[in-house]
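Have a look at the structure below before the remarks.
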Amino acid sequence: MQPIGFHVTFSGESAFKAMMTQYGWARHPMISRIGELHQGVPMTFIYGSRSWVDKQPGIRVQRLRPESEVDVEIIDGAGHHIFADKPDQFNEIVMKICRGADAAEKTIRSMVAAKEQEERDQREMLSQLAH
1 MQPIGFHVTF SGESAFKAMM TQYGWARHPM ISRIGELHQG VPMTFIYGSR
51 SWVDKQPGIR VQRLRPESEV DVEIIDGAGH HIFADKPDQF NEIVMKICRG
101 ADAAEKTIRS MVAAKEQEER DQREMLSQLA H
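Per the UniProt record's numbering, the sequence shown starts with residue 1, numbered consecutively.
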């Protein structure tokens, strides 16, 4: 039997260490750029209560954007892979987000259609006044 160190390359050792470390850091965290997003953009942060992911960024975004819809959902008993640990709760939250997005899209489309109709009516009225 040969020593294991003989077969392990430095890059393999680095990769193994990275896989075994329970912490991860974003290279370009959104928290520093979150203020650039329009206030009307809703956000939902979904965390597992047992996940190693820090929940503070979601809570901080709530504080940074008091005029925005920012939800922080923490699913009790779930780890990092919420969709696998608690699929029913995860799917319920995602479906709620999707229904909200669908409703918002319908509202925006009807508002745009009403505005376009109002502009057409105004052009028609101006055209009639000009003749």
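Built from N, CA and C at the ideal position, the CB exists for glycine as well. Remember, it's a predicted structure, so these values are computed and weren't measured experimentally.
Any idea if residue i is buried or exposed, counting beta-carbon neighbours within 10 angstroms, 16 or more meaning buried?
i, result
"Ile-31", "exposed"
"Ala-78", "buried"
"Val-41", "exposed"
"Gly-35", "exposed"
"Lys-115", "exposed"
"Lys-86", "buried"
Relative to the alpha-carbon of residue i, which residue among the options has its alpha-carbon at the smallest distance?
i, options, result
"Val-70", "Phe-45, Gly-100 and Ser-127", "Phe-45"
"Leu-37", "Arg-27, Arg-65, Ser-49 and Ser-51", "Arg-65"
"Asp-76", "Arg-27, Thr-107, Ile-108 and Lys-55", "Lys-55"
Rounded to whole angstroms, what is the Cα-Cα separation between residue i and residue j?
i, j, result
"Phe-83", "Glu-13", "30 Å"
"Ala-130", "Ile-93", "55 Å"
"Ile-108", "Asp-88", "30 Å"
Determine the extent of the beta strand (DSSP E) in which residue i is found, giving its start and end residues.
i, result
"Met-111", "Looking at the DSSP string, Met-111 is not in any beta strand (DSSP E); the run it does join, the alpha helix (DSSP H), is 87-130."
Once you ignore the five residues that flank residue i on each side, which residues in its own chain have a CB closer than 6 Å to its CB?
i, result
"Glu-67", "Gln-39"
"Gly-58", "Phe-45 and Val-72"
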